[in-house]
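A short write-up of the structure that comes next.
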Amino acid sequence: MADGVREELLAVAERLVATRGIGGTSLRDVQVESGQRNKSVVQYYFGSRDGLVRAVVEARMGPINHRRLVLLAGLGPEPSVRALVEAFVAPLAEQTVLAPRSFWARFLLQASFDPSFRRLVRESLSAASFRAVWVALAARLGQLPEPARQHRVERMVEFVLVALASAEEARDEGRLALGEAPGFVADLVAMCCGLLEAPSGWETSGWAATGLGPSGDRALTGTARRRTGDVPNRPASGEDHDEEEATSSGEHPGVGRAALAGGGRPGARGAPGPAHRAAPGRGDRRRRAVHEERGQRHHHRHR
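This is the structure we're talking about:
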């Protein structure tokens, strides 16, 4: 009888958190929704709301991790990326979108974005079965730089959680038939494989085009590159100054206003053409203004 009450409380808590969020679920709500008259019943079994959420995670993730270990054991010594992704996705899908009714994916998503329970979710996703998938995937993604491998697997996990939670909701609202769920899961696996195996962008020139580096720092352009020694022995010029200003204002790095005005080759460093002379850059105008101001001061001092 006691085990039955505990399981009912876990199921109600899972549903309420999935549909209301952790902040919108209290111990009183769980007690009332479960039909228990004893107002202290939830506290008796779990101590607090934190204890209740932790109990739900442990109760649901235990069987999922065991199922994943069974799948991994049958893959052989050198499984493919697709087989490893299937071993990660299938146990979660079987308990969520492939089941006639479930709230686990939505519960897990709510908990993973709550600052109080994010660490708990990460710990549950770091069980032996997930670590085995992580290590095996890293070995299969040897063509990618080390930071990219970790980044790809982390993004895959987030993508799977969001996709399964959305599919659960679509199923409950009649937008995804139960018979369509296997096709959805197969397509989810295919998308995860594409995410993992796409060519790396960490070491390409694409970061310079966006002005951002892999860590989110601004890419070094113009004068900043010279200061760090990336472009040695190049004197500063009005053209470089214009290029730096164009970069900071959102224009493409290496394409100065002169090149855009005269139709010149982007990034060209040759002698300025007619268009450049006809349309001086802001740096030239600024230097001219400073020169004129100094002349005026000199004139006033000697009057």
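Here the sequence shown stands for residues 378 to 680, numbered as in our numbering. Ideal placement from N, C-alpha and C gives every residue a C-beta, glycine not left out.
Of the listed residues the options, nearest to residue i (C-alpha basis)
i	options	result
Pro456	Ala513, Arg548, Glu500	Ala513
Ala460	Ser425, Gly578, Trp579, Ala563	Ala563
Val389	Asp406, Gly400, Asp380, Gly401	Asp406
Val433	Phe494, Trp511, Ala544, Glu523	Phe494
Pro477	Met438, Leu448, Leu572, Glu546	Glu546
Ala515	Ala482, Arg529, Ala504, Leu502	Arg529
Ala540	Glu557, Arg552, Pro522, Phe561	Phe561
Val566	Arg431, Ala470, Leu449	Ala470
Asn442	Ser503, Leu538, Val534	Ser503
Gly398	Ala482, Arg496, Pro559	Ala482
Leu429	Val534, Glu385, Gly571	Glu385
Phe536	Glu550, Pro559, Gly571	Gly571
Arg444	Arg431, Ser506, Val409	Ser506
Arg437	Gln472, Lys416, Leu452	Gln472
Arg508	Ala488, Glu557, Val534	Val534
Gly400	Gln487, Glu557, Ala542	Gln487
Coarse secondary structure for residue i, derived from DSSP in three states
i	result
Ile399	coil
Glu435	helix
Asn610	Confidence in Asn610 is poor, its pLDDT being 46 and thus under 50, which makes the residue's placement unreliable; the coordinate value appears in the next sentence. It is coil, neither helix nor strand.
Val394	helix
Pro454	coil
Ala575	coil
Phe494	coil
Gln520	coil
Ala460	helix
Pro553	Position check: residue 553 holds Leu in this sequence, whereas Pro was assumed. Looking at Leu553 - three-state DSSP - the assignment turns out to be coil, as it is neither helix nor strand.
Ser425	coil
Leu502	coil
Gly599	Model confidence at Gly599 stands at a pLDDT of 39, short of 50, so the residue's coordinates are unreliable and nothing is read from them.
Rounded straight-line distance, which links the Cα of residue j to that of residue i
i	j	result
Val462	Cys569	7 Å
Leu555	Gln520	38 Å
Asp427	Ala544	27 Å
Glu574	Leu518	7 Å
Ala464	Val510	8 Å
Ser479	Pro576	36 Å
Tyr422	Arg383	7 Å
Gly381	Gln420	16 Å
Leu387	Gly412	13 Å
Arg548	Val474	7 Å
Glu523	Ser501	24 Å
Arg392	Leu553	19 Å
Gly578	Arg414	58 Å
Ala450	Leu497	26 Å
Leu404	Val458	43 Å
Val466	Pro492	25 Å
Val418	Pro559	39 Å
Val394	Phe490	12 Å
Leu485	Ser425	19 Å
Gly439	Thr396	23 Å
Leu538	Leu452	23 Å
Glu550	Arg532	27 Å
Ala542	Glu557	16 Å
Counted within 10 angstroms of its Cβ, other Cβ atoms place residue i as buried (16 or more) or exposed
i	result
Arg499	exposed
Glu435	exposed
Thr402	buried
Arg526	buried
Pro454	exposed
Ala379	exposed
Pro468	buried
Val409	exposed
Val447	exposed
Pro591	Interpretation of Pro591 is limited by its pLDDT of 47, a score under 50 that renders its predicted location unreliable; the figure taken from the coordinates is listed afterwards. So Pro591 counts as exposed.
Start and end residues, alpha helix (DSSP H) containing residue i
i	result
Leu475	Where Leu475 is concerned, there is no enclosing alpha helix (DSSP H), given that its DSSP letter is neither H nor E.
Phe484	481-489
Leu514	505-517
Ser411	Element bounds for Ser411: n/a, residue is neither H nor E.
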